[in-house]
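Notes follow the structure.
There are 2 protein chains.
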Amino acid sequence: MKAPVGIEVLAQDGEARAGLLHTPHGTVETPMFMPVGTKGSVKGLTPGDLRAAGAGVVLGNTYHLYLRPGTDLVREAGGLHSFTGWTGPMLTDSGGYQVFSLAKTRKLTEDGVRFASVYDGSTHEFTPELVTRAQEDLGADVAMVLDECPPNGASHEYHAESLRRTARWAARCKAAHTREDQALFGIVQGGLFPDLRRESLERTVGIDLPGYAVGGLSVGESRDVMLETLSTVAPELPPEKPRYFMGIGDPVGILQVIGLGVDMFDCVLPTRLARHGAALTRDGRINLKNARFRRDLGSLDEECSCETCTGYSRAYLAHLVRENELLGDRLVSLHNVTFVLALCREARGAVRAGKYEAWSAAWIQRYETAGA
Amino acid sequence: MKAPVGIEVLAQDGEARAGLLHTPHGTVETPMFMPVGTKGSVKGLTPGDLRAAGAGVVLGNTYHLYLRPGTDLVREAGGLHSFTGWTGPMLTDSGGYQVFSLAKTRKLTEDGVRFASVYDGSTHEFTPELVTRAQEDLGADVAMVLDECPPNGASHEYHAESLRRTARWAARCKAAHTREDQALFGIVQGGLFPDLRRESLERTVGIDLPGYAVGGLSVGESRDVMLETLSTVAPELPPEKPRYFMGIGDPVGILQVIGLGVDMFDCVLPTRLARHGAALTRDGRINLKNARFRRDLGSLDEECSCETCTGYSRAYLAHLVRENELLGDRLVSLHNVTFVLALCREARGAVRAGKYEAWSAAWIQRYETAGA
Numbered sequence: 001m002k003a004p005v006g007i008e009v010l011a012q013d014g015e016a017r018a019g020l021l022h023t024p025h026g027t028v029e030t031p032m033f034m035p036v037g038t039k040g041s042v043k044g045l046t047p048g049d050l051r052a053a054g055a056g057v058v059l060g061n062t063y064h065l066y067l068r069p070g071t072d073l074v075r076e077a078g079g080l081h082s083f084t085g086w087t088g089p090m091l092t093d094s095g096g097y098q099v100f101s102l103a104k105t106r107k108l109t110e111d112g113v114r115f116a117s118v119y120d121g122s123t124h125e126f127t128p129e130l131v132t133r134a135q136e137d138l139g140a141d142v143a144m145v146l147d148e149c150p151p152n153g154a155s156h157e158y159h160a161e162s163l164r165r166t167a168r169w170a171a172r173c174k175a176a177h178t179r180e181d182q183a184l185f186g187i188v189q190g191g192l193f194p195d196l197r198r199e200s201l202e203r204t205v206g207i208d209l210p211g212y213a214v215g216g217l218s219v220g221e222s223r224d225v226m227l228e229t230l231s232t233v234a235p236e237l238p239p240e241k242p243r244y245f246m247g248i249g250d251p252v253g254i255l256q257v258i259g260l261g262v263d264m265f266d267c268v269l270p271t272r273l274a275r276h277g278a279a280l281t282r283d284g285r286i287n288l289k290n291a292r293f294r295r296d297l298g299s300l301d302e303e304c305s306c307e308t309c310t311g312y313s314r315a316y317l318a319h320l321v322r323e324n325e326l327l328g329d330r331l332v333s334l335h336n337v338t339f340v341l342a343l344c345r346e347a348r349g350a351v352r353a354g355k356y357e358a359w360s361a362a363w364i365q366r367y368e369t370a371g372a
Numbered sequence: 001m002k003a004p005v006g007i008e009v010l011a012q013d014g015e016a017r018a019g020l021l022h023t024p025h026g027t028v029e030t031p032m033f034m035p036v037g038t039k040g041s042v043k044g045l046t047p048g049d050l051r052a053a054g055a056g057v058v059l060g061n062t063y064h065l066y067l068r069p070g071t072d073l074v075r076e077a078g079g080l081h082s083f084t085g086w087t088g089p090m091l092t093d094s095g096g097y098q099v100f101s102l103a104k105t106r107k108l109t110e111d112g113v114r115f116a117s118v119y120d121g122s123t124h125e126f127t128p129e130l131v132t133r134a135q136e137d138l139g140a141d142v143a144m145v146l147d148e149c150p151p152n153g154a155s156h157e158y159h160a161e162s163l164r165r166t167a168r169w170a171a172r173c174k175a176a177h178t179r180e181d182q183a184l185f186g187i188v189q190g191g192l193f194p195d196l197r198r199e200s201l202e203r204t205v206g207i208d209l210p211g212y213a214v215g216g217l218s219v220g221e222s223r224d225v226m227l228e229t230l231s232t233v234a235p236e237l238p239p240e241k242p243r244y245f246m247g248i249g250d251p252v253g254i255l256q257v258i259g260l261g262v263d264m265f266d267c268v269l270p271t272r273l274a275r276h277g278a279a280l281t282r283d284g285r286i287n288l289k290n291a292r293f294r295r296d297l298g299s300l301d302e303e304c305s306c307e308t309c310t311g312y313s314r315a316y317l318a319h320l321v322r323e324n325e326l327l328g329d330r331l332v333s334l335h336n337v338t339f340v341l342a343l344c345r346e347a348r349g350a351v352r353a354g355k356y357e358a359w360s361a362a363w364i365q366r367y368e369t370a371g372a
């Protein structure tokens, strides 16, 4: 059976790849940033905004949607596409990361993980089978296996045991998975230990899934260590399948993981920054609360074509942000998401032109030194 | 000199009127609700949203914009139209109401009123001349005179003195007003005293301004008393000039003031309700947090054509509202504003058809008894 989701690599430049991700809800270009709609909405933005911003795949989170409003309700509503109004490709995270990062109490067994809901403290248990079923209810194009994301500083022994359990869970997810219009991706763990990353990769790839993610990074380690670890994993993943790096959304990090051969990545950062008044520009990240923007009648980013940059001045946005006006969150979120999506578009062009390394180095240089 | 803003009454039915308000930024149909962008944005909505909702005139508030970001900055930005991106007609309130309702300390003299800023406690003084100048800087199509809105329960004596001062201030505003592309409207005060309302009306109309507002109502008195007082004032205003009732935005109140001959009215209610999860429908106001909407896959209002009603279910909106998602505030705000604007459109049709009283009574009956 042909996998419902697959990648077509059209160009490679060093490790960086440019291609097409085919899904039941359409084909999108890679590498690409995926905006995160944790609870079924990318904060402040409509599907129309996301389309205008150039979004390809939009994420939802199984942990949150399972607890609120309930994956059964989303299924009744016709799935997450129908419920949220986003008609393009979607991906749901399994909720593994949230179980381990949000829950104050949890109990991990071979069978699964019991945890207290972050909403009301009620007890729930996620098993590979339940999470697979929940994601089939959500009906995204891509579902993720249930994984454990070990705590920061966990030992080699802990990680070894954990990654083996995660691999066994991945096999159970695959066995439980029935939807032919949905792809189930595996997740490589192993912390910062090269031998364990290798083992996790081999075990996960051995299960034979239509795509693979690298998890457990960008969770507190330094950027150098993250990239070093990723560089031992990403290029070893099967080249004919999509590669997803979980949790990166800052412009520099995006360019770095693309350089290591990643096709897809997600993060709440662009929208979260916006809600704190921070905007992304080619000349660096700026804080709109800074006094120098109070009378700045220029646009946020001269080269950006989003509604925010073409319709409003920095002075107006700075005013909205200072006054905590809802419209400020919305307009800056729209810009930041548009910005990282446009950056990915440029990156694809650089890969296709065979000049990714020089282009990305120059982009990062300007971003980090311009001091907007 | 021809006034830059004027009304053309096309139909009258009882006291209710239907017509056209001509302004430098376009002609809009009356009677109409004016969405309020207190600080330069109608909370959560863009000018594009407001156009889609059918908005005619949009309000800004001089008190807030004077203090933040400063009317000098708005002037530098080319005025409130250019600053906010709303290209249709605008009206700015003088800030009189806010000085008297928000300030913890204030000192009223014949010259003006000193007050402590609600933002930082700094001391400011509003005089008729300053407020006129500030509104010329903002550059709305309609500016309002500086008025005093006396405290609830103020005596006949207090109101008498106050309305006379407000009339003297109105004359000073007119003398200070220079912009030929902006109309200055007067404000009738007088509390709940019929004799004082009459006196205020005579004094204000005596100044000869291009439009008149009724102020100091909808500030805590019962709806019956409000309507009774308005009924003694509105029909006595010059029929050839626009009549503006300050501060009403609930559907029933809107229909009632239209029935008394009002052409324009404003209120933050539709957007404020939305931020509390309350939506307006033909079958009454509903609270989306109510359990019965959790699994309701129908649209908010079957007959409404807004993006919210055509794109999302009650269940999805209820989920967003419960989770305090920004998108919930935005989508329900868009609906509520669209709803009251559509109600005004229907009201205009009823006036033109000569059946306003029966139509509005039936509408109110359904709204108040359907129990959506």
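Which chain is which? The protein sequence lines are L and D, in order. FYI, the numbering for the first sequence is 1 to 372, going by our numbering. FYI, the numbering for the second sequence is 1 to 372, going by our numbering. Think of the CB as a built atom: it goes at the ideal place given N, C-alpha and C, for glycine as much as any other residue.
Worksheet item: If the cut is a Cβ gap below 7 Å, which residues of chain D does D325 of chain L touch?
Response: To locate residue 325 of chain L, count along the first sequence from 1; it is residue 325. Checking the sequence, you will find Glu at residue 325 of chain L rather than Asp. K39, S41 and K43, listed in chain order.
Worksheet item: So with Cβ pairs under 7 Å, would you call P270 of chain L a contact of chain D?
Response: Taking the first sequence and counting its residues from 1, one reaches residue 270 of chain L at position 270. Not one chain D Cβ lies under 7 Å of P270 of chain L.
Item to complete: Say whether chain L places a C-beta atom closer than 7 Å to the C-beta of H319 of chain D.
Response: Position 319 of the second sequence, counted from the start, is the residue given in the question as residue 319 of chain D. Interface residue, yes.
Discussion item. On the CB-based measure, 16 or more other CB atoms within 10 Å of its CB, does Q256 of chain L come out buried or exposed?
Written reply: On the first sequence, position 256 is the one that residue 256 of chain L refers to. Q256 of chain L comes out buried.
Item to complete: Determine, using beta carbons only, whether F293 of chain L comes closer than 7 Å to chain D.
Response: Within the first sequence, numbered from 1, the residue matching residue 293 of chain L stands at position 293. Not one chain D Cβ lies under 7 Å of F293 of chain L.
Worksheet item: Roughly how many whole angstroms lie between the Cα atoms of I286 of chain L and A134 of chain L?
Response: In the first sequence, residue 286 of chain L corresponds to position 286, counting from 1. In the first sequence, residue 134 of chain L corresponds to position 134, counting from 1. Rounded to the nearest whole angstrom, the CA to CA distance from I286 of chain L to A134 of chain L is 40 Å.
Fill in: Coil, strand or helix - P47 of chain D by DSSP
Numbered from its first residue, the second sequence carries residue 47 of chain D at position 47. In the structure shown, P47 of chain D sits in a helix (DSSP, three-state: H, G or I).
Worksheet entry | Same chain only: Cβ atoms within 7 Å of L343 of chain L, ignoring 5 sequence neighbours per side | Residue mapping note: residue 343 of chain L aligns to position 343 of the first sequence, counting from 1. Same-chain partners within the cutoff: P251 and I254.
Practice prompt. Determine, using beta carbons only, whether D263 of chain L and P47 of chain L come nearer to each other than 7 Å.
Written response: Translated into the one-based positions of the first sequence, residue 263 of chain L becomes position 263. Translated into the one-based positions of the first sequence, residue 47 of chain L becomes position 47. Result no, Cβ atoms of D263 of chain L and P47 of chain L do not sit closer than 7 Å.
Worksheet item: Shorter than 7 Å from the beta carbon of C69 of chain D to some beta carbon of chain L?
Response: The residue labelled residue 69 of chain D in the question sits at position 69 within the second sequence. Strictly speaking, residue 69 of chain D in this sequence is Pro, with Cys absent from that position. True, the Cβ-Cβ gap to chain L drops below 7 Å.
Worksheet item: Which bits of chain D does D329 of chain L rub up against, with CB to CB less than 7 Å?
Response: Numbered from its first residue, the first sequence carries residue 329 of chain L at position 329. Here the neighbours are L326.
Discussion item. Just to confirm my understanding: we take H25 of chain L, look at its own chain, exclude 5 residues before and 5 after, and list those with CB closer than 6 Å. What are they?
Written reply: For the purposes of this step, residue 25 of chain L is identified with residue 25 of the first sequence, where counting begins at 1. So the qualifying residues of the chain are G88, P89 and D141.
Worksheet item: Which residue spans inside the stretch 80-104 of chain L form an unbroken beta strand (DSSP E) run of at least 3?
Response: Runs of the beta strand (DSSP E) inside the stretch 80-104 of chain L: 90-93.
Worksheet item: Taking buried to mean at least 16 other C-beta atoms within 10 Å of its own C-beta, is D72 of chain D buried or exposed?
Response: As a working mapping, residue 72 of chain D is identified with position 72 in the second sequence. D72 of chain D should be labelled exposed.
Item to complete: Taking E129 of chain L as part of the alpha helix (DSSP H), name the residues at either end of that continuous run.
Response: Residue numbering aside, residue 129 of chain L sits at position 129 when the first sequence is read from its first letter. For E129 of chain L, the uninterrupted alpha helix (DSSP H) segment begins and ends at P128 to L138.
Worksheet item: Which same chain residues, not among the five before or five after E15 of chain L, have their C-beta less than 6 Å away from its C-beta?
Response: Locating residue 15 of chain L in the first sequence gives position 15, counting from the first residue. In the same chain as E15 of chain L, and ignoring 5 residues on each side of it, the C-beta atoms closer than 6 Å to its own belong to P235, L260 and G261, in chain order.
Item to complete: May I have the straight-line CA-CA distance separating G211 of chain L from D266 of chain L, to the nearest angstrom?
Response: Stepping through the first sequence from its first residue, residue 211 of chain L is reached at position 211. Stepping through the first sequence from its first residue, residue 266 of chain L is reached at position 266. Taking the CA atoms as reference points, G211 of chain L sits about 15 Å from D266 of chain L.
Worksheet item: What residues in the stretch 64-95 of chain L bring their beta carbon closer than 8 Å to a beta carbon of chain D?
Response: For chain D, the residues of the stretch 64-95 of chain L that bring a beta carbon within less than 8 Å of one of its beta carbons are R68, P69, L73, E76, A77, F83, T84 and G85, in chain order.
Worksheet item: Name the residues in the stretch 292-316 of chain D whose C-beta lies less than 9 Å from a C-beta of chain L; which are they?
Response: Using a CB distance below 9 Å, the part of the stretch 292-316 of chain D facing chain L consists of R294, R295, L297, E307, G311, Y312, S313, A315 and Y316, ordered along the chain.
Worksheet entry | Member of L:S162, L:Y119, L:R348 and L:A11 whose CA lies at the smallest distance from the CA of L102 of chain L | In the first sequence, counting from the first residue as 1, residue 102 of chain L sits at position 102. Closest option to L102 of chain L, Cα to Cα, is L:Y119.
Worksheet item: What did DSSP end up calling Q189 of chain L once you bin it into helix, strand or coil?
Response: Translated into positions along the first sequence, residue 189 of chain L becomes position 189. In the structure shown, Q189 of chain L falls within a coil segment according to DSSP collapsed to helix, strand and coil.
Fill in: Opening and closing residue of the beta strand (DSSP E) in which R106 of chain L lies
Residue numbering aside, residue 106 of chain L sits at position 106 when the first sequence is read from its first letter. Unbroken beta strand (DSSP E) run through R106 of chain L: R106 to L108.
Item to complete: Could you tell me if G292 of chain L is buried or exposed, where buried requires 16 or more neighbouring beta carbons within 10 angstroms of its beta carbon?
Response: Position 292 of the first sequence holds residue 292 of chain L. As written in the sequence, residue 292 of chain L is Arg, which differs from the Gly given in the question. Burial check for R292 of chain L: the Cβ neighbour count within 10 Å stays below 16, so the residue is exposed.
Practice prompt. Confirm, please, whether the CB-CB distance from V321 of chain L to L273 of chain L is below 7 Å.
Written response: Residue mapping note: residue 273 of chain L aligns to position 273 of the first sequence, counting from 1. Residue mapping note: residue 321 of chain L aligns to position 321 of the first sequence, counting from 1. Against a cut-off of 7 Å, the Cβ pair of V321 of chain L and L273 of chain L comes out as no contact.
Worksheet item: Is L280 of chain L helix, strand or coil when you go by DSSP?
Response: Sequence index remark: in the first sequence, residue 280 of chain L carries index 280 (1-based). Looking at L280 of chain L - three-state DSSP - the assignment turns out to be strand.
Worksheet item: In angstroms, rounded to a whole number, what distance separates the CA positions of R51 of chain D and A52 of chain L?
Response: Residue 51 of chain D sits at position 51 when you count from the first residue of the second sequence. Residue 52 of chain L sits at position 52 when you count from the first residue of the first sequence. Their backbone Cα atoms lie some 19 Å apart in a straight line.
Discussion item. For the stretch 173-184 of chain D against the stretch 137-152 of chain D, do three or more pairs of beta-carbon atoms, one drawn from each stretch, fall closer than 8 Å, so that the two count as touching?
Written reply: The stretch 173-184 of chain D vs the stretch 137-152 of chain D: in contact.
Fill in: Inter-residue Cα distance where the pair is G112 of chain D and F245 of chain D
Here the question's residue 112 of chain D lines up with position 112 in the second sequence. Here the question's residue 245 of chain D lines up with position 245 in the second sequence. Cα-Cα distance, rounded: 24 Å.
Worksheet item: Expressed to the nearest angstrom, what Euclidean distance is found between the alpha-carbon atoms of L327 of chain D and Y312 of chain D?
Response: For the purposes of this step, residue 327 of chain D is taken as the residue at position 327 of the second sequence. For the purposes of this step, residue 312 of chain D is taken as the residue at position 312 of the second sequence. Put simply, the backbone Cα of L327 of chain D is about 11 Å away from that of Y312 of chain D.
Item to complete: Taking P239 of chain L as the reference, give the member of L:E368, L:L196 and L:V205 with the closest Cα.
Response: Counted from its first residue, the first sequence places residue 239 of chain L at position 239. Considering only alpha carbons, the answer is L:V205.
Discussion item. Which of the three DSSP states is assigned to T123 of chain D in this structure?
Written reply: Residue mapping note: residue 123 of chain D aligns to position 123 of the second sequence, counting from 1. Three-state result, T123 of chain D: strand.
Discussion item. Is it buried or exposed, V337 of chain L, if we count other Cβ atoms within 10 angstroms and call 16 or more buried?
Written reply: Here residue 337 of chain L corresponds to residue number 337 of the first sequence, with the count starting at 1. With 16 or more other Cβ atoms within 10 Å, it is buried.
Worksheet entry | Straight-line Cα distance separating H81 of chain D from R294 of chain D | Position 294 of the second sequence holds residue 294 of chain D. Position 81 of the second sequence holds residue 81 of chain D. Those two C-alpha atoms are separated by around 40 Å.
Worksheet item: Which residues mark the beginning and the end of the beta strand (DSSP E) in which G6 of chain L is found?
Response: Looking up residue 6 of chain L in the first sequence gives position 6. Note, G6 of chain L: beta strand (DSSP E), G6 to D13.
Practice prompt. Find out if the Cβ-Cβ distance for the pair K183 of chain L, V36 of chain L is shorter than 7 Å.
Written response: Counted from its first residue, the first sequence places residue 183 of chain L at position 183. Counted from its first residue, the first sequence places residue 36 of chain L at position 36. A small correction: the amino acid at residue 183 of chain L is Ala; Lys does not occupy that position in the sequence shown. No.
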